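These protein sequence lines are chains B and X, in that order.
Per our numbering, the first sequence runs over residues 73 to 280.
Per our numbering, the second sequence runs over residues 40 to 741.
Shown next, in structure tokens, is the structure this report addresses.
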Amino acid sequence: MSENKLYPGLNLGDGHAEAHEQAESTVFGFWVFLMSDLIIFGILFASYASYLDPIGIAGGPGPSDLFDIKSVAIQTGFLLFGGVAYGGVSLAVKYEHGRGKVIAWLLVCALLGAGFLFFEVKDFITQAGKGGVPQASGWLSSYWLLVGLHGFHVFSGILWILTSVAQIAFRGLDDVVKVRLSMLGVFWHFLDLIWVGIFSFVFLVPLA
Amino acid sequence: MSQDTSPIFGNLNWNVTPYTDLLRDVNSSTIIGAGAASVLVLGAIATLALLTYMRWWGPLYRNWLTSPDAKKIGIMYIVLGLVMLARGVIEGFVIRAQQATALGTLTQEHKVGLVAPDHFAQLFSTHGTIMIFFVAMPLLIGLINFVLPQQLGARDMAFPVLNQVSLGLTAAGAGLVMISLLIGQFGTGGWTMYPPYTGIDFSPGEGVDYWLWAILISGMGSTLTGMNFAVTIFKERAPGMHFMRMPLFCWTSLCVAIMLIYAMPALTVSSGMLMLDRYAGFHFFTNAAGGNMMNYANIFWMFGHPEVYILVLPAFGVFSEISSTYSGKRLYGYTSLVIASMSIAVISFTVWLHHFFTMGQSAGVNIAFGIATMIIGIPTGVKIYDWMATMWRGRVRITAPIVYLTGFFLLFVIGGLSGIILANPSIDYQVHNTTFLVAHFHNVIIPGVLYGMLAGIHYWFPKAFGFRLDETWGRRTAFLFVGGFVFTFLPLYVLGLMGMPRRSPTFQNPDFMPWMYIAAFGAVLMLCALTSLFWTFFTSYRNRMALAVPGGDPWNGSTLEWSTPAPVPEWTFPRIPYVAARDDWGERKRAGDPWKAPQQYCDIEMPANTAHGLLIAGAAFALGFAAIWHIWWLVILSFLAIPGVLALRGMRVIEPKVISAAEVRETDQRFRHLATTLAPITRAEEESERNRGVPDISEFAG
Numbered sequence: 073m074s075e076n077k078l079y080p081g082l083n084l085g086d087g088h089a090e091a092h093e094q095a096e097s098t099v100f101g102f103w104v105f106l107m108s109d110l111i112i113f114g115i116l117f118a119s120y121a122s123y124l125d126p127i128g129i130a131g132g133p134g135p136s137d138l139f140d141i142k143s144v145a146i147q148t149g150f151l152l153f154g155g156v157a158y159g160g161v162s163l164a165v166k167y168e169h170g171r172g173k174v175i176a177w178l179l180v181c182a183l184l185g186a187g188f189l190f191f192e193v194k195d196f197i198t199q200a201g202k203g204g205v206p207q208a209s210g211w212l213s214s215y216w217l218l219v220g221l222h223g224f225h226v227f228s229g230i231l232w233i234l235t236s237v238a239q240i241a242f243r244g245l246d247d248v249v250k251v252r253l254s255m256l257g258v259f260w261h262f263l264d265l266i267w268v269g270i271f272s273f274v275f276l277v278p279l280a
Numbered sequence: 040m041s042q043d044t045s046p047i048f049g050n051l052n053w054n055v056t057p058y059t060d061l062l063r064d065v066n067s068s069t070i071i072g073a074g075a076a077s078v079l080v081l082g083a084i085a086t087l088a089l090l091t092y093m094r095w096w097g098p099l100y101r102n103w104l105t106s107p108d109a110k111k112i113g114i115m116y117i118v119l120g121l122v123m124l125a126r127g128v129i130e131g132f133v134i135r136a137q138q139a140t141a142l143g144t145l146t147q148e149h150k151v152g153l154v155a156p157d158h159f160a161q162l163f164s165t166h167g168t169i170m171i172f173f174v175a176m177p178l179l180i181g182l183i184n185f186v187l188p189q190q191l192g193a194r195d196m197a198f199p200v201l202n203q204v205s206l207g208l209t210a211a212g213a214g215l216v217m218i219s220l221l222i223g224q225f226g227t228g229g230w231t232m233y234p235p236y237t238g239i240d241f242s243p244g245e246g247v248d249y250w251l252w253a254i255l256i257s258g259m260g261s262t263l264t265g266m267n268f269a270v271t272i273f274k275e276r277a278p279g280m281h282f283m284r285m286p287l288f289c290w291t292s293l294c295v296a297i298m299l300i301y302a303m304p305a306l307t308v309s310s311g312m313l314m315l316d317r318y319a320g321f322h323f324f325t326n327a328a329g330g331n332m333m334n335y336a337n338i339f340w341m342f343g344h345p346e347v348y349i350l351v352l353p354a355f356g357v358f359s360e361i362s363s364t365y366s367g368k369r370l371y372g373y374t375s376l377v378i379a380s381m382s383i384a385v386i387s388f389t390v391w392l393h394h395f396f397t398m399g400q401s402a403g404v405n406i407a408f409g410i411a412t413m414i415i416g417i418p419t420g421v422k423i424y425d426w427m428a429t430m431w432r433g434r435v436r437i438t439a440p441i442v443y444l445t446g447f448f449l450l451f452v453i454g455g456l457s458g459i460i461l462a463n464p465s466i467d468y469q470v471h472n473t474t475f476l477v478a479h480f481h482n483v484i485i486p487g488v489l490y491g492m493l494a495g496i497h498y499w500f501p502k503a504f505g506f507r508l509d510e511t512w513g514r515r516t517a518f519l520f521v522g523g524f525v526f527t528f529l530p531l532y533v534l535g536l537m538g539m540p541r542r543s544p545t546f547q548n549p550d551f552m553p554w555m556y557i558a559a560f561g562a563v564l565m566l567c568a569l570t571s572l573f574w575t576f577f578t579s580y581r582n583r584m585a586l587a588v589p590g591g592d593p594w595n596g597s598t599l600e601w602s603t604p605a606p607v608p609e610w611t612f613p614r615i616p617y618v619a620a621r622d623d624w625g626e627r628k629r630a631g632d633p634w635k636a637p638q639q640y641c642d643i644e645m646p647a648n649t650a651h652g653l654l655i656a657g658a659a660f661a662l663g664f665a666a667i668w669h670i671w672w673l674v675i676l677s678f679l680a681i682p683g684v685l686a687l688r689g690m691r692v693i694e695p696k697v698i699s700a701a702e703v704r705e706t707d708q709r710f711r712h713l714a715t716t717l718a719p720i721t722r723a724e725e726e727s728e729r730n731r732g733v734p735d736i737s738e739f740a741g
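Set out below in structure tokens:
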């Protein structure tokens, strides 16, 4: 396999030749999967926009009754710093800093993700208390599905991080696990990307 | 659903089978319902008995169900598709029989026609669902799985185990639709299941849920398949197999892959939203509280229209291969066919709105989509001309696939033209929701998909099993499918223009009757065609010694898959070939001595067998079934089982299966020796028993 065909995002350096070859199609396949996932979010964004009018809100509680922009800003901070922390994982793998460092950075990511989820769930509970349940209106249905699905992705990401930690601890940092870590990285950053859309279109647009 | 939900059995009880209906009231409708359930039960018992009697459980499990080999997965997809095809065709026959006996039943108190209106609605809903999702999709995905890696010069798909999971999910969805015959009822909202009718207010009960879970589960499988195809084509091609050297079937597979990746999510979203409406009281598509049912039509058809081209493009790929091979000529206009396929794939995403011109958007929007719809006819027309030019002045052998291709030419053009008529919004307002529309889409899907898939199965069958299908019976089947189509569906154009609404269990106009009888006669021909199809497989199997083609190249083909023995070994190629030209196998024939052995053999690593796909499929089936019947403990259990199975597999180091160089060498050299000893045959003798799969390469001019 020639040098110029290698997957660029893995960036593992010379000591990881076999992982490179596997990454070639595996990580590309994961990108394709995420493109498909992105379409799901795209349709949900469009649906959210179509329900964001007086007919869709249907006399129920609206954005200004329910959204707490300060809490949303805190969530954004947690999630984006979680993305930065994954850089630690990638560097620790690339420069072979040892399993302990990789696991430590993974746990930092999981913690920041959990912080995000804590504030998000707290918001959901507060909103439900104010009558903002998904059964109240078409707009709230689409809000809960879009933001909830992103939250579910973050939750799955945390589970994936924990299983990765288990894999590194028990089967070691072999080539297969390295490739999986690079996919996990793509996934984790993808969640940031979706969140930027949610922060802007779901929260800022109706409040503006 | 007035009774309480039991904590263990959910809404299941003894009153959900069609036998209870039969005991309550004996009429033609309940007899048909109970009869269909009995066929299912007896068929299942007979299969289990046969497997036990022949001691096939072990081989079935070891060689098939746990195999990650794309070729075997492809064959299993096709078997699934053919079984479901039998049910779909029989349902179509009952639908036509119903309408042929349904004159004036509206005003008569005790006469309901052959089946009751509610039963009729289930029939057309399952017929459509099965034919699109569980016949057409498995057939095309199966064919691509079998052919694509061989044509690309690849060992296997990029993700063999994922492939197994995709098959499992599709089979789980099909299983849910099948079991609805016996347990409970299916939905009555047509194959599109439009809300608000299919919302919980108007359709309580399990019917719509059967559809939702079957579609959601099999849809996930199709998305994953699309990824697998795309990565295989982008990353697993043999060295030298440039994009513009790929056979056209690979190009249409690439289009299908891209469309699956981008279209299936829309179906996932629309069914997921409808599910939330039904299970959790959300208001996406309800009448009240800000719901908007027009969003469903939009999202569904964002998937639904690309889906139509997902179905038809693989058939276009098949037609490109067979028109060239059976004419003994190079494919005419390769580049234009590539461009046309890609154009169709892209434009297909911009026409979905023509499925609901009458929903109430502005005239300007309708016109834009109407024009886009007409534009997509252009690349399709280019293709038809290319295939005709390929056959022009070729030495065409009238084999079964060519009968299908000719039938396709004649009929598909009519269907395409009626599509152009329907693409005009002002005409669409007149004929929408009539049998004119039913005639149109059957007119494109039966010639475009069914003929293509059956032609492809006939063409590649010897590669899979080592013997040809009987040509005479193959041709009879093809003629019956063509004739059956003409008699069944062309009358529906007339009926539609006369004002016959689609999906109607009854009508009052006696003028419809002659056309109804013609259509019913056509349905009888379709049943004969189905029988003839299965007879073709059976009689060919009986004569398999006479029809055997161990040389592996029975049609004097020019693409890579014909360079291997038939049946093709698990590892396909002893060495991954180096591709030097488009139609590489044909070039090697022209150069002389195509069966030259590779200089050396190496160990081949193949993915090891695994029950991973079976476990995921089992969990998905249990999840769907439990959710349909509100058996909540099983829902939770099976939902947790899926990530559990994934995590456990992730913890293990999976070693590949290694096939030793010695074994490969022995098998391969035996084949090379055989190829030199078998007598080469000319194309004219192709149908005779002298065809042992070694063609006369001096005849290879194409």
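Think of the CB as a built atom: it goes at the ideal place given N, C-alpha and C, for glycine as much as any other residue.
Since this is a predicted model, take the numbers as computed values, not measurements.
When DSSP states are grouped into helix, strand and coil, B:Leu231 belongs to the helix group. Taking a 10 Å sphere around the C-beta of X:Tyr348, we find 16 or more other C-beta atoms and assign the residue as buried. For X:Thr262, the nearest CB of chain B lies under 7 Å from its own CB, placing it at the interface with that chain.
Excluding sequence positions up to five before and after X:Phe48, its CB lies within less than 7 Å of the CB of Ile670, all in the same chain and listed in chain order. By the Cβ rule, the stretch 245 to 253 of chain X does not count as touching the stretch 285 to 293 of chain X, because fewer than three pairs are nearer than 8 Å. The beta carbons of X:Ala193 and X:Glu275 sit closer together than 7 Å. Look at the stretch 95 to 125 of chain B: the residues with a C-beta under 7 Å from a C-beta of chain X are Glu96, Ser97, Phe100, Gly101, Val104, Phe105, Met107, Ser108, Ile111, Ile112, Ile115, Leu116, Ser119, Ser122, Tyr123.
Along the stretch 299 to 312 of chain X, going in chain order, the ones with a CB nearer than 9 Å to a CB of chain B are Leu299, Ile300, Tyr301, Ala302, Met303, Pro304, Ala305, Thr307, Val308, Ser309, Gly311, Met312. Cα atoms of B:Ala95 and X:Ile297: separation of roughly 21 Å, rounded to the nearest angstrom. Burial check for X:Trp672: the Cβ neighbour count within 10 Å stays below 16, so the residue is exposed. The criterion of a C-beta distance shorter than 7 Å is satisfied by X:Ser164 and X:Gly229.
Between X:Gly329 and X:Phe323, the gap from beta carbon to beta carbon reaches 7 Å or more. Within the DSSP secondary-structure output, X:Ser45 pairs in a beta bridge with X:Gly49. Here X:Ala88 carries a helix assignment [DSSP, helix/strand/coil]. Counting only runs of 4 or more residues that sit fully inside the stretch 176 to 248 of chain X, the alpha helix (DSSP H) segments are 176 to 191, 199 to 218, in chain order. Contact annotation: the stretch 520 to 534 of chain X touches the stretch 473 to 480 of chain X, with at least three C-beta pairs closer than 8 Å. The distance from the Cβ of X:Phe678 to that of X:Leu662 is about 6 Å, consistent with a contact at the 8 Å cut-off.
For the pair B:Arg252 and X:Val692, the CB atoms are not nearer than the 7 Å cut-off.
For B:Ser143, no Cβ of chain X is located within less than 7 Å of the residue's own Cβ. Those residues of the stretch 238 to 267 of chain B placed with their C-beta closer than 8 Å to a C-beta in chain X are Ala238, Gln239, Phe242, Arg243, Asp246, Val248, Arg252, ordered along the chain. DSSP, reduced to helix, strand and coil, places X:Glu510 within a helical segment of the structure shown. Among the residues of chain B, those whose CB is under 9 Å from the CB of X:Glu275 are Ser97, following chain order. Contacts with chain B (Cβ-Cβ distance below 9 Å) from the stretch 672 to 693 of chain X involve Pro682, Leu685, Ala686, Gly689, Met690, Arg691, Val692, Ile693, listed in chain order. Bounds of the alpha helix (DSSP H) holding B:Lys250 are 247 to 269. Leaving aside the five residues that flank X:Met552 on each side, the residues in its chain whose CB is nearer than 7 Å to its CB run, in chain order, Leu142.
The shortest C-alpha to C-alpha distance from X:Tyr371 to any of X:Glu346, X:Leu215, X:Ala428, X:Ile655 is the one to X:Ala428.
What B:Thr235 touches in chain X, judged by beta-carbon distance under 7 Å, is Ala686, Gly689, going in chain order. Cβ atoms of X:Arg629 and X:Arg434 stay farther apart than 8 Å, at about 17 Å.
For X:Ile698, the enclosing beta strand (DSSP E) starts and ends at 696 to 698. X:Glu705 and X:Glu609 have their C-alpha atoms roughly 14 Å apart. Annotation: X:Gly732 to X:Val377 spans about 30 Å, alpha carbon to alpha carbon. The three-state secondary structure of X:Glu644, taken from DSSP, is strand.
For a Cβ distance threshold of 7 Å, nothing in chain X lies close to B:Ser136: the least Cβ distance comes to about 17 Å. When DSSP states are grouped into helix, strand and coil, X:Pro682 belongs to the helix group. Within chain B, the C-beta atoms nearer than 8 Å to that of X:Met266 come from Gly101, Val104, Phe105, Ser108, in chain order.
Beta bridge pairing from DSSP links X:Leu142 with X:Phe546.
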